[in-house]
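Scroll down for the structure; my scribbles are underneath it.
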Amino acid sequence: MFFKRKKSQENEEYIALSEGQLMWRQFLKHRVAVIASIILIFLYSVVIFANFFAPYGMLTSHNFHLYAPPQITKINFFDKEGNFHIRPFIYRQVAARDPKTLRFVYEDDLKQKDFIHFFVHGEEYTMLGFIKSDIHLFGVGEGKLFLLGTDIIGRDLLTRIIFGGRVSLSIGMIGVIILVIIGTIVGTISGYFGGWIDNILQRIIEIIRIIPQVALWMALAAIIPKEWPSTYVYLGIVIIFGMISWAGLARELRGKVLAIRRSDFIYAAEITGASTSRIIVKHIIPNVLSHIIVIATLSIPIMIIGEAALSFLGLGIKPPMTSWGLLLTQLREVQTLKHYPWLISPAGFIVVSVLCFNFIGDALRDVNDPHSR
Amino acid sequence: MGLFSYIVKRILFSIPVIIVISILCFGIIQLPPGDYADAYAAVAASTGGGSVSKEYLEKIRERYGLDQPFWIQYWRWVKGFPEGDFGIAMSLQGTPVADLLKERLPMTLFLNFSALIFALMIALPIGIYSATHQYSLLDYLLTFIAFIGIAIPGFILAVFIIGISIFWFDSSYIGRLYSNEFIGKAWNMDKTIDFLKHLPVPIIAIGVAQTSNTMRIMRGNMLDVLQQPFIQTARAKGLSESVVNWKHAARIAINPIISRIGVYLPEIIATEMLVSIVLNLNTIGPLFYDSLISQDMYLAGTILLVISIILVIGNLIADVALALTDPRIRFELM
Numbered sequence: 031m032f033f034k035r036k037k038s039q040e041n042e043e044y045i046a047l048s049e050g051q052l053m054w055r056q057f058l059k060h061r062v063a064v065i066a067s068i069i070l071i072f073l074y075s076v077v078i079f080a081n082f083f084a085p086y087g088m089l090t091s092h093n094f095h096l097y098a099p100p101q102i103t104k105i106n107f108f109d110k111e112g113n114f115h116i117r118p119f120i121y122r123q124v125a126a127r128d129p130k131t132l133r134f135v136y137e138d139d140l141k142q143k144d145f146i147h148f149f150v151h152g153e154e155y156t157m158l159g160f161i162k163s164d165i166h167l168f169g170v171g172e173g174k175l176f177l178l179g180t181d182i183i184g185r186d187l188l189t190r191i192i193f194g195g196r197v198s199l200s201i202g203m204i205g206v207i208i209l210v211i212i213g214t215i216v217g218t219i220s221g222y223f224g225g226w227i228d229n230i231l232q233r234i235i236e237i238i239r240i241i242p243q244v245a246l247w248m249a250l251a252a253i254i255p256k257e258w259p260s261t262y263v264y265l266g267i268v269i270i271f272g273m274i275s276w277a278g279l280a281r282e283l284r285g286k287v288l289a290i291r292r293s294d295f296i297y298a299a300e301i302t303g304a305s306t307s308r309i310i311v312k313h314i315i316p317n318v319l320s321h322i323i324v325i326a327t328l329s330i331p332i333m334i335i336g337e338a339a340l341s342f343l344g345l346g347i348k349p350p351m352t353s354w355g356l357l358l359t360q361l362r363e364v365q366t367l368k369h370y371p372w373l374i375s376p377a378g379f380i381v382v383s384v385l386c387f388n389f390i391g392d393a394l395r396d397v398n399d400p401h402s403r
Numbered sequence: 018m019g020l021f022s023y024i025v026k027r028i029l030f031s032i033p034v035i036i037v038i039s040i041l042c043f044g045i046i047q048l049p050p051g052d053y054a055d056a057y058a059a060v061a062a063s064t065g066g067g068s069v070s071k072e073y074l075e076k077i078r079e080r081y082g083l084d085q086p087f088w089i090q091y092w093r094w095v096k097g098f099p100e101g102d103f104g105i106a107m108s109l110q111g112t113p114v115a116d117l118l119k120e121r122l123p124m125t126l127f128l129n130f131s132a133l134i135f136a137l138m139i140a141l142p143i144g145i146y147s148a149t150h151q152y153s154l155l156d157y158l159l160t161f162i163a164f165i166g167i168a169i170p171g172f173i174l175a176v177f178i179i180g181i182s183i184f185w186f187d188s189s190y191i192g193r194l195y196s197n198e199f200i201g202k203a204w205n206m207d208k209t210i211d212f213l214k215h216l217p218v219p220i221i222a223i224g225v226a227q228t229s230n231t232m233r234i235m236r237g238n239m240l241d242v243l244q245q246p247f248i249q250t251a252r253a254k255g256l257s258e259s260v261v262n263w264k265h266a267a268r269i270a271i272n273p274i275i276s277r278i279g280v281y282l283p284e285i286i287a288t289e290m291l292v293s294i295v296l297n298l299n300t301i302g303p304l305f306y307d308s309l310i311s312q313d314m315y316l317a318g319t320i321l322l323v324i325s326i327i328l329v330i331g332n333l334i335a336d337v338a339l340a341l342t343d344p345r346i347r348f349e350l351m
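First to last, the protein sequences are chains A and B.
Counting in our numbering, the first sequence runs without a single skipped number right up to 403 at its last residue.
Counting in our numbering, the second sequence runs without a single skipped number right up to 351 at its last residue.
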C-alpha cells in the first residue's frame, strides 16, 4: 500500500508503509481512542510513580481529620477580600464535633490560607525499590490537603486511590498475559490440528463459557486461604482471572487459524519442508496477532471490573493492600454513603479506565477489520 | 430435519455438558483442604450453631462418603439431584438446599428474565433508530451513552442508584424486593403493588450493561443489512422507508442478537448476582455469596451447578428460538 505524503506544494513523495504503520495511521484517526490512550498512559504513570504523585503515604492516617470532606472544589485564587493570588490556596480545614450526633464537622478557618506548592518535601519513601526521596508532586506547607477527602481513620482518599490503582490497573494487565498465553496455545492447536483434539478442546471451551465467569471467579477467590499475606492473595486472584477467562480468545483464534491454515502460503510453507512449529510461529501467529491484541485489550476492562467486584464483596484483595474495589467496600453501609458521599470517587476511576480500554479495543477492532479500510 | 428432532438432539447434547459441569463444580467443592464434616463443625461453631455432636458428624461423613475416593464422593453428592435432594446447607443449620432453592429460584429467574426483556425492549428500537439516523446528533449521543452504560458495572450502578435515591428521592423502595411488613406473607394485591414499586431499581441496575451492548450490536447489524441489495430492491419497489427499515431490514438484523442470547445469559446472571448482593434481594446471588463467606463450599458448588444448568437450558431455548427464526440453523447440525 502506498500513501501520499506532501512534502511541499510542488513535489509529492510516495512512501511505502508496512502493515503495522498502516494500522497505526488508521488508529490515529480514531480521536476518542487516542485520547483514551493518553488518559491511560497518564493513569499508569501516576500509579507506577505513586509515591511521588500521592501527597501522603498509603497507610498514613491523620488524626482530627476523620471523614474530612474533599477540598478539590475549595481551591481558590481569590480570597474572601477579593485579592488575587497567583498561587492557588485553600482555607485550612478545622474539625469540631457536632454536639448532637458526635460526628466530626469541618469548617474553613478563614484566617489561615494554605498555599499549594509543587515538588514539596513530605513523607520519605522508597519508590520502585531503589529511588529514595521525600519529594511529592504537590502539597501545602503547614496544614493538610485532602483533595478527595479522607476515610474513617483519616487516610487521604486520593492517596489511597493512587496506590489502589496499582492493584486495580495491574491485575488486568498481568491477568491478560496469562489469558493470552493459554488462549493462544489452545486456540492455535485447536484450529491447526483439527480432528479429535479440536473436538475435545471445543467442548471444554463451550463448558467453560457456560459457567458465569464472575461466579466462578468468586468461588475460586473464596478458596484462597484467609491467612495468606495480601501479596499472595493478589497473585492468587491474578492467576484465577487469567486461568478462567481464556476461552473466548481460544474460540475466536481457532476460527481464524482454521481459515489461515487452508490458505496457499501455508501449503507453500509445508511443501518447502517447514516444520510445524515454524509454520505456527512464523506464519500463523503473526497473522492472528492483531486479533489477539484486540481481544486482550477488551479483556482488561472485564478483569478490572471483576477485581473491583470481588474486592468490593470482600473476596478479593485484602488490607494492607488496597484497590479501587476495596475502597468502595465502605459504601456497603448505606449510612456511610449518605453522610460521606465522596467515598464513591474510586468508582469514577474504575469507570474511566474501563471506558478508555473499551474505546481503544473498539478502535483496534475497527483498524483490524479490513472491511473498514 | 424437523424442528422436533432438532430439539431432541439439542437436549441429548446438553446432558454430557451438565455432567462435566457437575464434575467441575465438585472439583471446586473439593479444593479447600480438610473434609466436609470438620468444615461443618467449624462453620456451625462460627455461625452460632453451637457444637455439633460426634454422631451427627459421623452421619454426615457417611452421607457424603467423606472417607471414600473422589468418584464415590462425587456420586454420593450428585445421586440425589434428579430426585430434588440437593444436600444440606451447613452454614444455615442444616437447612435442606432444596428448600432454599425453592424459595429463591423463582424470583431469580423472574429478575433475570425481566432484565433480559427490559434490555431487548429498550435496545432494539434504539439500535434501529441509531442505524437509520447514522451520524445524527441523537445517534452520537446514544452511542456515547451506550459506551458509558457498558463501562459502569452493575453493582456500582446499584450503589449509585442507592446514593441518588437517598439524596433526591423517597428511598423506601430501594433494596429488597418488598417492604418489611410483607416478609413471609402470601402474595396479595398490596404485596404485588409493593413488589412492582421495588422492581425498577434492580432491573435497571442489572439490565443497563446488556441494553447498551445490545444497542450497539443492533446498530451495527442494521447498518450491515441496510447495505444489502435486497434493501435496494425493496426501496426500488417503492416501499415506504419505515416498511423497508422495520419489516425488511430489522427482521434480518435481529437474528445475530437472538443467537447471542446464549452469551448474554451468563453475563446477566453474573450481574444479577452482584446487584442482588448489593441490594440484598431474595435471590440466589446473596445465598451464593453468604455460602462463600462462611466457606460452605458444598452449598456454593451446588448453587454454581444449578446456575449452570439454568444457563444450559437458557442456551437451549435460545437455540430453539434461533432455529424458529432462521431455518438454515436446523440443517447445519445434520
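Idealized CB from N, CA, C, for every residue including glycine.
Close Cβ partners of B/I248 (< 8 angstroms) along its chain, the five nearest in sequence each way excluded: Residue 248 of chain B sits at position 231 when you count from the first residue of the second sequence. Result list for B/I248: V242, V261, H265, A266, in chain order.
Any chain A beta carbon closer than 7 angstroms to B/A338: Taking the first residue of the second sequence as 1, we reach residue 338 of chain B at position 321. For B/A338, the answer is no, since every Cβ of chain A falls outside 7 angstroms of its Cβ.
Contact residues within the stretch 350-368 of chain A, judged by C-beta distance below 8 angstroms to chain B: L358, L361, R362, V364, L367, K368
A/S67 - DSSP class collapsed to helix/strand/coil: Your numbering for residue 67 of chain A matches position 37 in the first sequence. Residue state, collapsed to three classes: helix.
Contiguous alpha helix (DSSP H) assignments of at least 4 residues, all confined to the stretch 116-200 of chain B: List check, alpha helix (DSSP H) in window: 154-168, 171-185.
Endpoints, beta strand (DSSP E) assigned at A/I146: The residue given as residue 146 of chain A occupies position 116 in the first sequence. It spans 134-157 - the beta strand (DSSP E) in which A/I146 sits, taken as one unbroken run.
Length of the line joining the Cα atoms of B/Y23 and B/L29: By 1-based counting over the second sequence, the position of residue 23 of chain B is 6. By 1-based counting over the second sequence, the position of residue 29 of chain B is 12. Answer to the nearest angstrom: the Cα atoms are 10 angstroms apart.
Where A/F379 meets chain D, residues with beta-carbon distance less than 9 angstroms: Absent from the structure is chain D; the protein chains it does hold are A and B.
Supposed contact pair A/L385 and B/F177 - C-beta distance, whole angstroms, cut 8 angstroms: The residue given as residue 177 of chain B occupies position 160 in the second sequence. The residue given as residue 385 of chain A occupies position 355 in the first sequence. Not quite, the Cβ-Cβ distance comes to about 15 angstroms (not below 8 angstroms), so this is no contact.
Span of the beta strand (DSSP E), counted from its first residue to its last, around A/G169: Looking up residue 169 of chain A in the first sequence gives position 139. A/G169 -> beta strand (DSSP E) spans 161-170.
Own chain partners of A/A339 with C-beta closer than 7 angstroms, once the 5 adjacent residues on each side are dropped: Here residue 339 of chain A refers to the residue found at position 309 of the first sequence. Excluding positions up to five away in sequence, the list reads V244, G355.
Segment contact, 8 angstroms Cβ cut-off, at least three pairs: the stretch 179-190 of chain A with the stretch 69-76 of chain A: no
Exposure of B/I220, with buried meaning 16 or more beta-carbon neighbours within 10 Å: As a working mapping, residue 220 of chain B is identified with position 203 in the second sequence. Per the 10 Å Cβ criterion, buried.
Own chain residues within Cβ distance below 7 angstroms of A/K110, not counting five before or after: Counted from its first residue, the first sequence places residue 110 of chain A at position 80. L140, listed in sequence order.
First and last residue of the uninterrupted beta strand (DSSP E) at B/Q85: Walking along the second sequence from the start, residue 85 of chain B turns up at place 68. From DSSP, B/Q85 is part of no beta strand (DSSP E); its letter is neither H nor E.
Collapsed DSSP secondary structure at A/M31 in the structure displayed: Counted from its first residue, the first sequence places residue 31 of chain A at position 1. In this prediction, A/M31 has a pLDDT of 43, which is less than 50 and means its spatial position is unreliable; nothing more can be read from the coordinates.
Chain A residues whose Cβ lies nearer than 7 angstroms to that of B/G180: If you number the second sequence from 1, residue 180 of chain B lands on position 163. Under the 7 angstroms cutoff, chain A gives L367, P371, I374.
Nearest candidate by alpha-carbon position, reference A/I210, set A/I323, A/A63, A/F149: Counting from one through the first sequence, the residue named residue 210 of chain A turns up at place 180. Sequence check: residue 210 of chain A is Val here, not Ile. It is A/I323.
Reference A/F342; option with closest CA among B/A317, B/I326, B/I294, B/L339: In the first sequence, counting from the first residue as 1, residue 342 of chain A sits at position 312. Among B/A317, B/I326, B/I294, B/L339, the Cα nearest to that of A/F342 is on B/I294.
Reduced DSSP category for B/Q47 - H, G, I as helix; E, B as strand; rest coil: As a position in the second sequence, residue 47 of chain B is number 30, starting the count at 1. If DSSP states are grouped into helix, strand and coil, B/Q47 belongs with the helices.
Residues, ordered as in the chain, of the stretch 329-344 of chain A that lie near chain B by beta-carbon distance below 8 angstroms: P331, I335, A338, A339, F342, L343, G344
Under 7 angstroms between C-beta atoms of A/A289 and A/F176: Mapped onto the first sequence, residue 289 of chain A falls at position 259. Mapped onto the first sequence, residue 176 of chain A falls at position 146. Not in contact: A/A289 and A/F176 (Cβ atoms no closer than 7 angstroms).
A/H60 versus A/F387: straight-line alpha-carbon distance, rounded: One-based indexing of the first sequence puts residue 60 of chain A at position 30. One-based indexing of the first sequence puts residue 387 of chain A at position 357. Their backbone Cα atoms lie some 13 angstroms apart in a straight line.
Three-state class that DSSP yields for B/L339 in the structure shown: The count along the second sequence starts at 1 and reaches residue 339 of chain B at position 322. Note: B/L339 maps to helix in three-state DSSP.
For A/P10, three-class secondary structure by DSSP: Outside the displayed range of chain A (31 to 403) lies residue 10 of chain A, so it cannot be described from this structure.
B/A59 versus A/L345: straight-line alpha-carbon distance, rounded: The count along the second sequence starts at 1 and reaches residue 59 of chain B at position 42. The count along the first sequence starts at 1 and reaches residue 345 of chain A at position 315. Rounded to the nearest angstrom, the two C-alpha atoms are 19 angstroms apart.
Whole-angstrom C-beta distance between A/K130 and A/I120, which should lie under 8 angstroms: By 1-based counting over the first sequence, the position of residue 120 of chain A is 90. By 1-based counting over the first sequence, the position of residue 130 of chain A is 100. Not quite, the Cβ-Cβ distance comes to about 28 angstroms (not below 8 angstroms), so this is no contact.
Span of the alpha helix (DSSP H), counted from its first residue to its last, around B/F305: Residue 305 of chain B sits at position 288 when you count from the first residue of the second sequence. 301-310 is the span of the alpha helix (DSSP H), which, as asked, contains B/F305.
Under 7 angstroms between C-beta atoms of B/A175 and B/L296: Within the second sequence, the letter at position 158 stands for residue 175 of chain B. Within the second sequence, the letter at position 279 stands for residue 296 of chain B. Yes. Within cutoff.
Burial state of B/L133 (16 or more Cβ within 10 Å): Numbered from its first residue, the second sequence carries residue 133 of chain B at position 116. Classification for B/L133: buried.
Local conformation of A/T306 per DSSP, three classes: Here the question's residue 306 of chain A lines up with position 276 in the first sequence. Looking at A/T306 - three-state DSSP - the assignment turns out to be helix.
Inter-residue Cα distance where the pair is B/V225 and B/I173: Within the second sequence, numbered from 1, the residue matching residue 225 of chain B stands at position 208. Within the second sequence, numbered from 1, the residue matching residue 173 of chain B stands at position 156. Going from the Cα of B/V225 to the Cα of B/I173 covers about 12 angstroms.
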